[in-house]
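Below is one structure; the comments refer to it alone.
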Amino acid sequence: KNEVEQSPQNLTAQEGEFITINCSYSVGISALHWLQQHPGGGIVSLFMLSSGKKKHGRLIATINIQEKHSSLHITASHPRDSAVYICAVEGGTSYGKLTFGQGTILTVHP
Amino acid sequence: DAGVIQSPRHEVTEMGQEVTLRCKPISGHNSLFWYRQTMMRGLELLIYFNNNVPIDDSGMPEDRFSAKMPNASFSTLKIQPSEPRDSAVYFCASSLEGRVLSYTFGSGTRLTVV
Numbered sequence: 079k080n081e082v083e084q085s086p087q088n089l090t091a092q093e094g095e096f097i098t099i100n101c102s103y104s105v106g107i108s109a110l111h112w113l114q115q116h117p118g119g120g121i122v123s124l125f126m127l128s129s130g131k132k133k134h135g136r137l138i139a140t141i142n143i144q145e146k147h148s149s150l151h152i153t154a155s156h157p158r159d160s161a162v163y164i165c166a167v168e169g170g171t172s173y174g175k176l177t178f179g180q181g182t183i184l185t186v187h188p
Numbered sequence: 726d727a728g729v730i731q732s733p734r735h736e737v738t739e740m741g742q743e744v745t746l747r748c749k750p751i752s753g754h755n756s757l758f759w760y761r762q763t764m765m766r767g768l769e770l771l772i773y774f775n776n777n778v779p780i781d782d783s784g785m786p787e788d789r790f791s792a793k794m795p796n797a798s799f800s801t802l803k804i805q806p807s808e809p810r811d812s813a814v815y816f817c818a819s820s821l822e823g824r825v826l827s828y829t830f831g832s833g834t835r836l837t838v839v
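Residue numbers (the numbering used here), protein chains in the order written: chain A, 79 to 188; chain B, 726 to 839.
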């Protein structure tokens, strides 16, 4: 079993829909990252969080440390949100060293 | 700041050749990471440095891979000899310990070994 599990693996939505991507992890962590990667592109860090909730524009990330679970929400989705979203956890004793989920491929149709 | 700079962006080489990938971290960042991304295995950490010192190289696949960080502004990842199974996108990332949202990836080097 992978240390970081994401669901769903693939997600298709219509423009304007509310989207949720989930991430569960099985190890103790010091922080959790949500990353975005466009096809053929680089990796952008969206959020880094260790508790509670963060919001940036239409993106919201939440984490529940007790349940070892995080969600990434996209409100009013747009075709330009189409990308791979990757959850990654940072271990408690290894600062910066990330373990990645397998990624969620999001396609938003106009 | 120009961000994390990697070169080259693309590299095509023949099996058996030496390949050197380069990374310039963000000025002031004290941690540097080399990752590899493949379709089969996703993103994997190869090695990371803190204050120019290698901390964890357990992800380096085998002795053909080596990484150096001679100073705070430059790192290399070398593969010698290269093999077709090394074909992947190699990302470098840097961060400043203790600073939230400082984790930054480079654009990656797409390596193809034929």
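The beta carbon of each residue, even a glycine, is placed where N, CA and C say it ideally should be. These numbers were taken from a predicted model, which means no experiment stands behind them.
*asked:* Using a 10 Å radius around the Cβ and a threshold of 16 neighbouring Cβ atoms, would you call D788(B) buried or exposed?
replied: Locating residue 788(B) in the second sequence gives position 63, counting from the first residue. Label assigned to D788(B): exposed.
_Straight-line Cα distance separating P779(B) from P806(B)_ = Against the second sequence, residue 806(B) aligns to sequence position 81. Against the second sequence, residue 779(B) aligns to sequence position 54. Per the coordinates, the alpha-carbon of P806(B) lies some 22 Å from the alpha-carbon of P779(B).
*Name the chain B residues that come within less than 7 Å of H111(A), Cβ to Cβ?*
Taking the first residue of the first sequence as position 1, residue 111(A) is located at position 33. Per Cβ cutoff of 7 Å: Y828.
*Nonlocal neighbours in the same chain, by C-beta distance under 8 Å from Q87(A), ignoring five residues either side*: By 1-based counting over the first sequence, the position of residue 87(A) is 9. Excluding its 5 nearest sequence neighbours in each direction, Q87(A) has C-beta neighbours in its own chain below 8 Å: Q180, G181, T182 and I183, listed in chain order.
*By a C-beta neighbour count over all protein chains shown, 10 Å radius and 16 as the cutoff for buried, is S129(A) buried or exposed?*
Numbered from 1 along the first sequence, position 51 holds the residue referred to as residue 129(A). S129(A) should be labelled exposed.
*So S102(A) packs on K146(A), CB below 8 Å; how close in whole Å?*
The count along the first sequence starts at 1 and reaches residue 102(A) at position 24. The count along the first sequence starts at 1 and reaches residue 146(A) at position 68. Contact between S102(A) and K146(A) holds: their C-beta atoms lie close to 6 Å from each other, under 8 Å.
_Interface partners of L802(B) on chain A, CB under 7 Å_ = In the second sequence, the residue the question calls residue 802(B) occupies position 77. What L802(B) touches in chain A: nothing, since even the nearest Cβ is about 16 Å away.
*Name the chain B residues that come within less than 9 Å of L176(A), Cβ to Cβ?*
Here residue 176(A) is taken as the residue at index 98 of the first sequence, counted from 1. Within chain B, F758, Y760, L768, L770, A818 and Y828 have C-beta atoms less than 9 Å from the C-beta of L176(A), given in sequence order.
*Hey, how far is the Cα of A813(B) from the Cα of L768(B)?*
Along the second sequence, read from residue 1 onward, the residue named residue 813(B) stands at position 88. Along the second sequence, read from residue 1 onward, the residue named residue 768(B) stands at position 43. Each residue's Cα considered, the two are about 10 Å apart.
*Measure the alpha-carbon distance for T829(B) versus S820(B) and round it to whole angstroms.*
Here residue 829(B) corresponds to residue number 104 of the second sequence, with the count starting at 1. Here residue 820(B) corresponds to residue number 95 of the second sequence, with the count starting at 1. Their backbone Cα atoms lie some 6 Å apart in a straight line.
_According to DSSP, simplified to helix, strand and coil, what is P786(B)?_
Numbered from its first residue, the second sequence carries residue 786(B) at position 61. Here P786(B) sits in coil by DSSP.
*Tell me which same chain residues have a C-beta within less than 8 Å of the C-beta of G753(B), skipping the five on either side of it?*
For this step, residue 753(B) is matched to residue 28 along the second sequence. L821.
*Does G120(A) have its Cβ less than 8 Å from a Cβ in chain B?*
For this step, residue 120(A) is matched to residue 42 along the first sequence. At least one CB of chain B lies nearer than 8 Å to the CB of G120(A).
*Using the beta-carbon of each residue, which ones in chain A are nearer than 7 Å to G833(B)?*
By one-based count along the second sequence, residue 833(B) stands at place 108. The contacting residues are G120.
_Using only the alpha-carbon positions, how far apart do V729(B) and G831(B) sit?_
Stepping through the second sequence from its first residue, residue 729(B) is reached at position 4. Stepping through the second sequence from its first residue, residue 831(B) is reached at position 106. Near 5 Å, if we compare the C-alpha coordinates of G831(B) and V729(B).
*Determine the contact status of V82(A) and A166(A), defining contact as a CB-CB distance below 8 Å.*
For this step, residue 82(A) is matched to residue 4 along the first sequence. For this step, residue 166(A) is matched to residue 88 along the first sequence. Closer than 8 Å, so yes.
*Taking only the alpha-carbon atoms, compute the straight-line gap between Q185(A) and I152(A) and give it to the nearest angstrom.*
As a working mapping, residue 185(A) is identified with position 107 in the first sequence. As a working mapping, residue 152(A) is identified with position 74 in the first sequence. The residue you asked about is not Gln; residue 185(A) is Thr in the sequence shown. Rounded to the nearest angstrom, the two C-alpha atoms are 12 Å apart.
*Identify the contact partners of S195(A) in chain B, using a Cβ-Cβ distance below 8 Å as the criterion.*
Beyond the ends of chain A as shown, which are 79 and 188, falls residue 195(A); an answer cannot be given.
*So which residues of chain B does I164(A) contact, with C-beta pairs closer than 9 Å?*
Within the first sequence, residue 164(A) is the residue found at index 86, counting from 1. For I164(A), the chain B residues whose Cβ falls inside 9 Å of its Cβ are G767 and L768, in order along the chain.
*asked:* So Q87(A) contacts chain B; which residues on that side make the cut at Cβ distance below 9 Å?
replied: Mapped onto the first sequence, residue 87(A) falls at position 9. In chain order: nothing, as chain B lies at least about 11 Å away.
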